[in-house]
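Line by line, the protein sequences give chains B and E. Last residue of the first sequence: 120 (my numbering), numbering continuous. Last residue of the second sequence: 1012 (my numbering), numbering continuous. Report on one structure; see the data block that follows.
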Amino acid sequence: DTAVSQTPKYLVTQMGNDKSIKCEQNLGHDTMYWYKQDSKKFLKIMFSYNNKELIINETVPNRFSPKSPDKAHLNLHINSLELGDSAVYFCASRGLADSRDTQYFGPGTRLTVL
Amino acid sequence: DAKTTQPNSMESNEEEPVHLPCNHSTISGTDYIHWYRQLPSQGPEYVIHGLTSNVNNRMASLAIAEDRKSSTLILHRATLRDAAVYYCILRDLAGGTSYGKLTFGQGTILTVHP
């Protein structure tokens, strides 16, 4: 069973469009994250939710809006896409009961804005 | 989170041991040392973590200097599947507002030759 899954795996779209990326985890974890990996391969935290509540927002443009319908899902909606939004977006989850306190990452969604 | 310094790249031959160094001279007493790796076209995955004592698991060993200002990830017998970017990350688990987020540096690109 896949622990953290993301859809779609690839997303190609035009500038100005609105798109969403979905993330689901079946680990029973309380905390989920979105990270962005740019073309230079730097991974940066964007958002984190704990039990459906936003707890981290790392100065991300407000065109990006995360939504957590329940603690197993954290979706990322992006309005008015720009060329600079092209990147790989990774979802991750973390369980507070996990004695190793590790994060489990999804396979990533490669977003290309034309 | 405190900063870490890693070499940009390292090379190894298959079935030989690999020692990946990490400097963290500003580490605080409550910082855990975590290692993650990112295989090509995949999300990061947890490798190992420790606080003060050396740690072993099925994937690797972590050797921590006595003053905790540096650590070394040891892959005992590198395989081609170990070719990845390895990240050394400090995590403050004493509380605060980090909410478990991972702050990734540039990491070390490990190339394994057959």
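Note that the Cβ used here is the ideal one computed from N, Cα and C, for glycine as well.
Residue-chain proximity (E943/E, chain B), Cβ-Cβ < 9 Å: Closer than 9 Å to the CB of E943/E there is at least one CB belonging to chain B.
G948/E - DSSP class collapsed to helix/strand/coil: DSSP, reduced to helix, strand and coil, places G948/E within a strand of the structure shown.
beta-carbon D36/B near the ligand GDP non-hydrogen atom, thresh 8 Å: This structure does not include the ligand GDP; it has no bound ligands of any sort.
P113/B: contacting residues in chain E (beta-carbon distance under 9 Å): P113/B reaches chain E at S939, Q940 and G941, counting residues in chain order whose Cβ is nearer than 9 Å.
Same chain only: Cβ atoms within 8 Å of L49/B, ignoring 5 sequence neighbours per side: Result list for L49/B: Y41, K42, Q43 and F96, in chain order.
For V119/B and P14/B, the rounded distance between their alpha carbons: Cα to Cα, the separation comes out at about 14 Å.
Beta-carbon proximity of L87/B to G34/B, cut-off 9 Å: With contacts defined as CB atoms closer than 9 Å, L87/B and G34/B fail to qualify as a contacting pair.
Local Cβ density within 10 Å of G927/E, reported as buried at 16 or more and exposed below that: Residue environment analysis places G927/E among the exposed positions, since fewer than 16 neighbouring C-beta atoms fall within 10 angstroms of its C-beta.
Residues near T19/B by beta carbon distance below 8 Å, same chain, minus five either side: Listed in chain order, the non-local C-beta contacts of T19/B below 8 Å within the same chain comprise K25, L87, L117, T118, V119 and L120, local neighbours out to five positions each way being set aside.
Meets three-Cβ-pair contact criterion under 8 Å: the segment 902-914 of chain E and the segment 59-77 of chain B: Not touching, per the Cβ criterion.
Burial state of E64/B, where buried means 16 or more other Cβ atoms lie within 10 Å: Per the 10 Å Cβ criterion, exposed.
Residues bridged to H1011/E (per DSSP): DSSP lists N911/E as the bridge partner or partners of H1011/E.
Short-range partners of chain E found in the segment 51-77 of chain B, where Cβ spacing is below 7 Å: Correct list: I51, S54, N56, I61 and I62.
Selection from R956/E, S923/E, D980/E and I946/E that minimises the alpha carbon distance to Y110/B: Distance from the Cα of Y110/B is smallest, within the candidate group R956/E, S923/E, D980/E and I946/E, for I946/E.
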